[in-house]
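Visitor: Counting in this note's numbering, the sequence shown runs from 1 upward without gaps. Where a beta carbon is used, it is the ideal one built from N, C-alpha and C, also for glycine.
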Amino acid sequence: MLHRPVAGPDVMRGQFEHLLDAGESPRISLQVLPYAALNVLGLLGSFTVADLPRGNRPVAYIDSQSMDDRVSDRSHDMRNLAFRYDTIRADALSRRESLSLIKETMRRWTA
Numbered sequence: 001m002l003h004r005p006v007a008g009p010d011v012m013r014g015q016f017e018h019l020l021d022a023g024e025s026p027r028i029s030l031q032v033l034p035y036a037a038l039n040v041l042g043l044l045g046s047f048t049v050a051d052l053p054r055g056n057r058p059v060a061y062i063d064s065q066s067m068d069d070r071v072s073d074r075s076h077d078m079r080n081l082a083f084r085y086d087t088i089r090a091d092a093l094s095r096r097e098s099l100s101l102i103k104e105t106m107r108r109w110t111a
């Protein structure tokens, strides 16, 4: 979504700066999935997996266009989401490449 305007240049600059700041944090792994990747697993909807304290199973919130949004702790869902995550991440740019692309895109938007 780096190439779609959501507001004017000042707002876009702020959004890019926020991404760059977040990407510098050691607690955040920011990677961009480029258009050329043609990864369809990234189009199935967003999901969040929470690893809970010891003794509790992980739980996921699945936001899907093909089914109702739901929360799940089923092993089958966890395996599918792990596969989706690993596949998307393998096709994504590295952290350094992603930050470089964000900087270049910010320059183009705000030039």
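Is there at least one non-hydrogen atom of the ligand NAP closer than 7 Å to the beta-carbon of D91?
Guide: Annotation note on the ligand NAP: not contained in the displayed structure, which lists no ligands.
Visitor: Kindly give me the distance between the Cβ atoms of L33 and I88, rounded to whole angstroms, as I take these residues to be in contact under 8 Å.
Guide: On the sequence shown, position 33 is the one that residue 33 refers to. On the sequence shown, position 88 is the one that residue 88 refers to. That belief holds up - the Cβ atoms of L33 and I88 are roughly 6 Å apart, short of 8 Å.
Visitor: Any idea which residues DSSP pairs A50 with across the strands?
Guide: Mapped onto the sequence shown, residue 50 falls at position 50. Per DSSP, V59.
Visitor: Do the segment 74–81 and the segment 92–100 meet, that is, are 3 or more Cβ pairs less than 8 Å apart?
Guide: No contact exists between the segment 74–81 and the segment 92–100.
Visitor: By Cβ distance, which residues of its chain are closer than 6 Å to L2, with the 5 residues on each side in sequence left out?
Guide: In the sequence shown, counting from the first residue as 1, residue 2 sits at position 2. For L2, where only same-chain residues beyond five positions count, the Cβ hits under 6 Å are T105.
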